[in-house]
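Residue numbers (the numbering used here): 2 to 408.
All C-beta atoms, glycine included, are put in the ideal place defined by N, C-alpha and C.
So the structure is just underneath, and the comments pick up after that.
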């Protein structure tokens, strides 16, 4: 009867076969990372795949010290390790001891290494960053003379400020001669005395953009006395000069917007300032006009001519008052005079004469009011209403009684 084996025995036998195979103890396998999981224990579980198959992989936490990057989906890598069987599941897998990126991944490792070196040298430090001028008049551009990058920069710069001067250095931006060409462009534009410089190109693979990851290019950007804006690739692309430059723009179009001040904003601001100044001037003029009118009124009140007019008016008023007062006094005096006249009429001798009475005086003109003032034979004068009589006293009679009647 044929022998019957347990599952464990079979798995153990296969594991032993794997262990005795020298090739499987140390081999390198390349492929694309998928199903990558970082376990809380520190282990990394992932799958390598290519067009013809897949293989499960694990890197234990103890081997992660040599991993210079983080594994991610779709990454092309080369895994060095051992292939062995996990008896419990009866599955074989690759136990990774080290992992490096393949192709573009190798370039990425070089990129990370250079980035660490330059960062340690302080070339990324903010204290070396030069401020970007707000109103750059001459802007230098280091990029390829053809392509979307330079067209985007020119179009946006012209739209934002048609008065800005753009100076293009037609550089080689890809290939073996690219680094030297970019460096020459930086030096040439710096000697031209531009206010600001844009260094970059359109998008591409990491190999296409590699010239901007060269240490010599980064050093040229760092040493440049003119502020530099890096504008390499798309927003997701990152190069070494992005860290060294004074400012990073995600795209060449964005670099043009950062470098060229929008003149329409200035015109709008000027219109706002003009309107504000107009309002302030009108308010100031109106306020001064009111003050002028107040001063004018005060001047009229305090001016000599005003004083003269005021005194003239006062004199005219006084003259009128005095005239009225005099008229009142004259009227009152006239009335009193009329009363006195009437009273005098009552006492006037002439008036008494007109009434039939007469007036007697002696020859010396003394009024005779008493019969004892004359004697018989004295001359007297008798005054009538229309003349005077000369007479001689021939006799006199004494009057008796309280009323002076002749008894």
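Counting beta carbon pairs with one atom in the region 143 to 154 and one in the region 247 to 264, are three or more of them shorter than 8 Å? Touching, yes.
How would you call residue 322, buried or exposed, if buried means at least 16 neighbouring beta carbons within 10 angstroms? With fewer than 16 other Cβ atoms within 10 Å, it is exposed.
Within the same chain, show all residues whose beta-carbon is closer than 8 Å to that of residue 241, passing over the 5 residues directly before and after it, in chain order. Counting only Cβ-Cβ distances below 8 Å, and skipping sequence neighbours, we find 112, 115, 116, 119, 213, 214, 215, 216, 218, 219.
Can you check whether the C-beta of residue 68 is within less than 7 Å of a C-beta belonging to chain D? Chain labels in this structure do not include chain D; a single protein chain is all it has.
Only counting the same chain, and skipping five residues up and downstream in sequence, which positions put a Cβ closer than 6 Å to that of residue 225? Answer for residue 225: 187, 191, listed in chain order.
Any chance the region 268 to 281 sits against the region 165 to 177, with 3 or more Cβ pairs inside 8 Å? The answer is no - the region 165 to 177 does not touch the region 268 to 281, with fewer than three Cβ pairs under 8 Å.
Tell me the rounded alpha-carbon separation between residue 266 and residue 99. Going from the Cα of residue 266 to the Cα of residue 99 covers about 56 Å.
Neighbourhood of residue 341 by C-beta distance below 7 Å, restricted to the same chain and skipping five residues each side: Cβ within range, chain order: n/a, list empty.
Contact check, residue 19 vs residue 80 under 8 Å by CB: the rounded distance? Not really, about 17 Å apart at Cβ, beyond 8 Å.
My output table needs one value for residue 11: the three-state DSSP class, helix, strand or coil. In the structure shown, residue 11 sits in a helix (DSSP, three-state: H, G or I).
Run through DSSP, which three-state label would residue 36 get? Strand.
Apart from the five residues on each side of it in sequence, which residues of its chain come closer than 7 Å, Cβ to Cβ, to residue 39? Listed in chain order, the non-local C-beta contacts of residue 39 below 7 Å within the same chain comprise 45, local neighbours out to five positions each way being set aside.
Please give me, in chain order, every unbroken run of the beta strand (DSSP E) with length at least 3 that falls completely inside the region 156 to 188. Entirely contained in the region 156 to 188, the beta strand (DSSP E) runs reaching 3 residues are, in chain order, 166 to 171.
Beta carbon of residue 234, beta carbon of residue 195: below 7 Å? Going by C-beta atoms, residue 234 is not nearer than 7 Å to residue 195.
Classify residue 162 as buried or exposed, calling it buried when 16 or more other Cβ atoms lie within 10 Å of its own Cβ. With a threshold of 16 other beta carbon atoms within 10 Å, residue 162 meets it and is buried.
Buried or exposed, going by whether 16 or more other CB atoms sit within 10 Å of the CB of residue 158? Within a 10 Å sphere around the beta-carbon of residue 158 sit 16 or more other beta-carbons, which makes this residue buried.
From what residue to what residue does the beta strand (DSSP E) around residue 362 run? Going by DSSP, residue 362 is part of the beta strand (DSSP E) stretching over 360 to 363.
Status (buried if at least 16 other CB within 10 Å, exposed otherwise) for residue 6: The residue in question, residue 6, is exposed, as its Cβ has fewer than 16 Cβ neighbours within 10 Å.
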